[in-house]
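Number of protein chains: 4
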Amino acid sequence: MSGNTFGTLFTVTTFGESHGPAIGCVIDGCPPGMALSEADIQPELDRRRPGTSRHVTQRQEPDTVEILSGVYEGKTTGTPIALLIRNQDQRSKDYGNILDTFRPGHADYTYWHKYGIRDPRGGGRSSARLTAPVVGAAAIAKKWLFEKYGTTFKGCMSQLGEIAIPFESWEHVPNNPFFAANAAIIPQLEQYMDALRKDGDSIGARIDVVAQNVPVGLGEPIYDKLDAEIAFALMGINAVKGVEIGAGFRSVAQKGSEHGDALTPEGFVGNNAGGILGGISTGQDITASIAIKPTSSIRTPRPSIDKDGNPIAVETFGRHDPCVGIRATPIAEAMLALVLMDHALRHRAQCGDVKVDTPQLR
Amino acid sequence: MSGNTFGTLFTVTTFGESHGPAIGCVIDGCPPGMALSEADIQPELDRRRPGTSRHVTQRQEPDTVEILSGVYEGKTTGTPIALLIRNQDQRSKDYGNILDTFRPGHADYTYWHKYGIRDPRGGGRSSARLTAPVVGAAAIAKKWLFEKYGTTFKGCMSQLGEIAIPFESWEHVPNNPFFAANAAIIPQLEQYMDALRKDGDSIGARIDVVAQNVPVGLGEPIYDKLDAEIAFALMGINAVKGVEIGAGFRSVAQKGSEHGDALTPEGFVGNNAGGILGGISTGQDITASIAIKPTSSIRTPRPSIDKDGNPIAVETFGRHDPCVGIRATPIAEAMLALVLMDHALRHRAQCGDVKVDTPQLR
Amino acid sequence: MSGNTFGTLFTVTTFGESHGPAIGCVIDGCPPGMALSEADIQPELDRRRPGTSRHVTQRQEPDTVEILSGVYEGKTTGTPIALLIRNQDQRSKDYGNILDTFRPGHADYTYWHKYGIRDPRGGGRSSARLTAPVVGAAAIAKKWLFEKYGTTFKGCMSQLGEIAIPFESWEHVPNNPFFAANAAIIPQLEQYMDALRKDGDSIGARIDVVAQNVPVGLGEPIYDKLDAEIAFALMGINAVKGVEIGAGFRSVAQKGSEHGDALTPEGFVGNNAGGILGGISTGQDITASIAIKPTSSIRTPRPSIDKDGNPIAVETFGRHDPCVGIRATPIAEAMLALVLMDHALRHRAQCGDVKVDTPQLR
Amino acid sequence: MSGNTFGTLFTVTTFGESHGPAIGCVIDGCPPGMALSEADIQPELDRRRPGTSRHVTQRQEPDTVEILSGVYEGKTTGTPIALLIRNQDQRSKDYGNILDTFRPGHADYTYWHKYGIRDPRGGGRSSARLTAPVVGAAAIAKKWLFEKYGTTFKGCMSQLGEIAIPFESWEHVPNNPFFAANAAIIPQLEQYMDALRKDGDSIGARIDVVAQNVPVGLGEPIYDKLDAEIAFALMGINAVKGVEIGAGFRSVAQKGSEHGDALTPEGFVGNNAGGILGGISTGQDITASIAIKPTSSIRTPRPSIDKDGNPIAVETFGRHDPCVGIRATPIAEAMLALVLMDHALRHRAQCGDVKVDTPQLR
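Residue numbers (full-length UniProt numbering), protein chains in the order written: chain A, 1 to 362; chain B, 1 to 362; chain C, 1 to 362; chain D, 1 to 362.
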């Protein structure tokens, strides 16, 4: 009820604060018998961890994961899998000056009003650091989906501020700090970020994610539609303000004769649907896109108030990502994977296992 | 698990198919002691019902609601409230020709693959007709939220195909069939729809919704964030392909110094946040916007396949909305109201009742 | 949250009050493709309906069920199945005298304190009449479990007040109004009930239920154990005060060497476990037993208070079952069936379909 | 869905295996602002920990708890509270001989069939060791309920094998290793256990638990009744085979005129109800009683089979409780506390906070 569990059949319950002793999660519902060790999880955590380039927060966190349960002799047993990540590099004093004030655009104000108390160290529970356990949990979901259906996940940044990043090839993504699917544009992005950092400001970004080799039939007809769940999962990522599936907002100006993807014996023609019709996967690629707002913790002073309602100018020091979008790609992939994993199990419950050997259109 | 229940503490479980004997829902969790009769619910159903102008489906459904339980001597008792709407105007033969084929852009294909069986009459469960019980349930939520916090809900169409509809005043909305907050543009919209209908085609639309007088503190920090739940609720409406909160996709090109809404003793300056920070309501207006794709059932023939995989040209007859967006405004308001109602109760559970007498910023 | 939904994957959400317009339920999660009509459900409703002998309430309710959704051309479609039963024989005036007083042993007092309002007509929501929709829903579960695994359900009364009813044969159960598995004892039971009715008093009973041909492996290791879920389901039946699984309270005085059912290549020796070990079904018969308290609505005057706290003597008129245990057998079977159905689907989700062709011990 | 979360609004998700690196839990939904530290939790863990007398397992586990999250400057923040307990004294080789065989009365057989894999070390997840995190979580619930309503929890063993233990006074309970509310009987119990241990056998027990100062109005009318939830919680404890509320199985032979507790202006007369009517608390003491079967791991050889179905004699070595009932009292109290905590929050959600200043009957 308090919202810290994601999923219905494959559930991830996270805990922890940015500067507390540890963060982690409990994964319940993982099918038994899958080979699993820390080595399957750590690489995904490494993709999102801080401190890997000058364009992200300089906090040094190895994010080393420990599996506490649910695995016996290298295989999942069907019981809960707990992941633990000890926090290492907390400099809580960095945040001392925001204890009694509210950063514009930040959760400070709302936490204070909701709970009457908040952990101000590094944003406490509202920190994007809390996406780490989710990325860990999703590594397990990705592995299962790949072994079972061949499903894979990809993502890239498609816009940084006003700079559109044309898609060239997925192969570029791991070779630059922006998760850009384009090599030539990297110097421009670096120059842009360097200037921004110098100004003490931050910027938004757009991220695209794709799931491939998705079985047909995942999702529910009403409410728990696959697209609704993806919107829930992606909008729930820190700083996200918009979600599109397939043609997204372009659909507004499309006619029915243009939008509806024709079916042919060889497959679908086009993918305005983003791989989902009536809330259920079609077997095509599932495509989604998200808008990420600029980081609210910036050095530039801004007008705000303190707890007593007095006007004050807020400046934030400490270590922050000038563009939270830069590290968001693996997180968006992770959320998409958790949604598909959950619906794969839901499909099994009501309809039996997905028949992947049936001819399916792509 | 099969997705037909919306909400966690104020739950709405719907049932029914477009051309079955009846549609309806069971609402669980309504606080006791609130005055309630069919007269509180029927007006909201009338706002979304079909057949009210030439621009929507000509199916004639009075959508008369009957309360079957949960009310005693005109007051809610705290037990489940069941709403029943008998279907009246089913012409199932209209749909006979789509029994064995799949309409491009329609749920036909995915239902068939998921369940191995589908009710083809009027789209069965995938019909937008199933939004009627939700609108009925939301009338109850709206009443409670208004009586408790003064919360109100408004919505309008802000774009029809390529025609942007400038906002003038909420007062125009009930006076035209488009839910447009603009009087002067109506002739242009009517002309556009007449041409479209003549062509046997359909079109998308953009809808904006707002909740006003929302108490501060609704929502959860992680996963079940208020914005994530709104995205889930709105993306789950038939034909929605995109959701924005506040500045939405405009956030991508905004700097932190521009996006973060400043706080002053007199209130917030700007509302890029859309009334939500860190997943929790700020007390400002909650603003959201959705993209609705064009109706997939159109007269224009399109290439498709039949169940055996043979190529075929599909034309759809029967009565359809040429722009499902036209009737989507009350539905979007309804979903927003259900989310806020649910989180109002969740807030009470964990933090006690919202203190509406505390000075709050707007 | 308000408790009116039973189950997690096969969910039954009921609504209605004893003397309201209708009672019913929505069943979500039923697998698609199963043949289903009212004829599959009505016989189970007929087993529990009132007015069938002089030993039960004389209220005349045909309990005719209507399927409102989820079935197309005689087969389930995977969408929610709504069942509707219109109330026919309400004589609300019978209950007028209990409006402002609290019957000892009845929910009057607690409803009043919890909600500040209660529907006093026939006990409102607290009436055992609300078990009718559950019995209807369970008919669907029973059918699916039988077609899939050959699972069957049986029950009988094993004690009426102080009269133990020795088990002779299941074949006697449908041939007497007590659901007794014994023919010779019926005259004694009838005489006992006649005397009791004459005295204006009521009496408790003990009911045994059994599920046979249960696949091995249903249930979860912790919390949602199969036995815990059965205890939840059975204790939730009106008037139940105790639940036993297998040896039940006899286990207290057993030694480990006596209690543990030995395994042999030919099967288990004994069934102290009641078919469940570690919360998971063994494949043996699942056996449970419940204690049902005497009806609280009796003619005999008893001391009580009114809403203002004044002492008063309460006599109840109206039509009541002098032993609610008499009609409880089909209800207990129904609850057991719902639990097994839910766990059959849960097993499919996490572990894939139960392998019924593997050699299993019984 | 996989059952490792207890509760709906105050949820406890546990993880861990008997001989894995750690056990623990995540508690979600704790109200903010309550003072909390390890010192509030450790004493409850100490009550149930092993190795404290010769009558329980000799495994040495300090069960030192660490709070990983959800507390800031000594107060709860409303975010998840994670508890971690590292396992210390694992001697996995003790269990080597049961790897390929099934102990009669043990979960070995069912886990193997359900998952196709099991962690045999110390019973893995089926070990009663997994009740430790629950007891820790319940310490938090007990603290909140006491501070809010003055609610307290007590429990005692009322029968050991065939020896009934007459209730004398709660003050005896902490002064003997059996949690007996009777001082004079202790030598008899010790002698009984010594003889049993010498025989390599085990024995059952009966435990009573009570909650006092419970507010009126907790619980739901149907399904999630307070008594049904208590039955679920208590039957879910390892080795429990029966649950009674109030008069329990004695109700079977009671007449309505005897069973229904009369109300007077001064309070209830009697408590056959066990403090619950119609699924909702009356304000009286809530009383429940459970039957605990004898430990299934005993030294005495018993007939069983191995994985291949061959007959075999099983003897269990290692360290086991000869009567799991001995340490069950604090566990039963813990489960009862978790149920009441959950329903206290549920009451707030739907009906607002419980009014404890209203005059209530006891």
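For glycine and all other residues, C-beta sits at the position ideal for the given N, C-alpha and C.
All figures in this text were calculated on a predicted structure; none of them were measured in a lab.
8 Å Cβ cut-off: residues of chain B touching residue i
i: D/Gly352; result: Pro31, Arg348, Asp353
Partners in chain C for residue i, counting only beta-carbon separations shorter than 7 Å
i: B/Leu68; result: Phe15, Gly16, Gly20, Pro21, Ala22
Bridge partners - residue i, DSSP secondary structure assignment
i: D/Asp285; result: According to DSSP, D/Asp285 bridges with nothing at all.
i: D/Phe167; result: None; D/Phe167 has no bridge partner.
i: A/Pro303; result: A/Ala313
i: C/Thr14; result: C/Cys25
i: A/Asp208; result: A/Cys156, A/Ser289
i: B/Gly74; result: Answer by DSSP bridge pairing: none, since B/Gly74 is not bridged.
i: D/Lys255; result: C/Ile203
i: D/Pro264; result: Checking the sequence, you will find Thr at residue 264 of chain D rather than Pro. In DSSP, D/Thr264 forms a bridge with D/Gly267.
i: C/Phe6; result: C/Val12
i: D/Ile280; result: D/Leu277
Proximal residues of chain D, C-beta to C-beta of residue i below 7 Å
i: A/Val26; result: Thr13, Phe15, Val26
CB contact check: residue i to chain D, cutoff 8 Å
i: B/Leu345; result: yes
i: C/Ala273; result: yes
i: C/Lys241; result: yes
i: A/Ser2; result: yes
i: A/Tyr109; result: no
i: A/Arg250; result: no
i: C/Asp201; result: yes
Cutoff 8 Å: residue i Cβ touching any chain A Cβ
i: D/Gly116; result: yes
i: D/Tyr223; result: no
i: C/Thr79; result: yes
i: D/Arg197; result: no
Endpoints, alpha helix (DSSP H) assigned at residue i
i: C/Val339; result: 328 to 351
i: D/Gly136; result: 131 to 149
i: B/Ile230; result: 226 to 235
i: C/Ile41; result: 38 to 48
Contact set between residue i and chain A, taken where Cβ atoms lie within less than 8 Å
i: D/Ala82; result: Phe15, Gly16, Ala22, Gly24
i: D/Thr5; result: Thr5, Thr11, Thr13, Asp28
Chain-ordered neighbours of residue i on chain B, where CB pairs are closer than 7 Å
i: D/Leu9; result: Ala349
i: C/Arg125; result: Thr79
Beta strand (DSSP E) segment containing residue i, residue limits
i: A/Leu83; result: 81 to 86
i: residue 363 of chain B; result: Outside the displayed range of chain B (1 to 362) lies residue 363 of chain B, so it cannot be described from this structure.
i: A/Ile117; result: No beta strand (DSSP E) holds A/Ile117; DSSP gives it neither H nor E.
i: B/Ile245; result: 240 to 245
Short CB-CB distance (under 8 Å) between residue i and chain C
i: D/His259; result: yes
i: B/Lys143; result: no
Buried or exposed (CB count within 10 angstroms, at least 16 for buried), residue i
i: D/Ser37; result: exposed
i: D/Gly20; result: buried
i: C/Glu44; result: buried
i: C/Val269; result: exposed
i: B/Lys114; result: buried
i: B/Trp170; result: exposed
Neighbouring residues, chain D, relative to residue i (Cβ below 9 Å)
i: A/Lys75; result: Ile117
Neighbour flag for residue i against chain B, beta carbons, 8 Å
i: A/Asp227; result: yes
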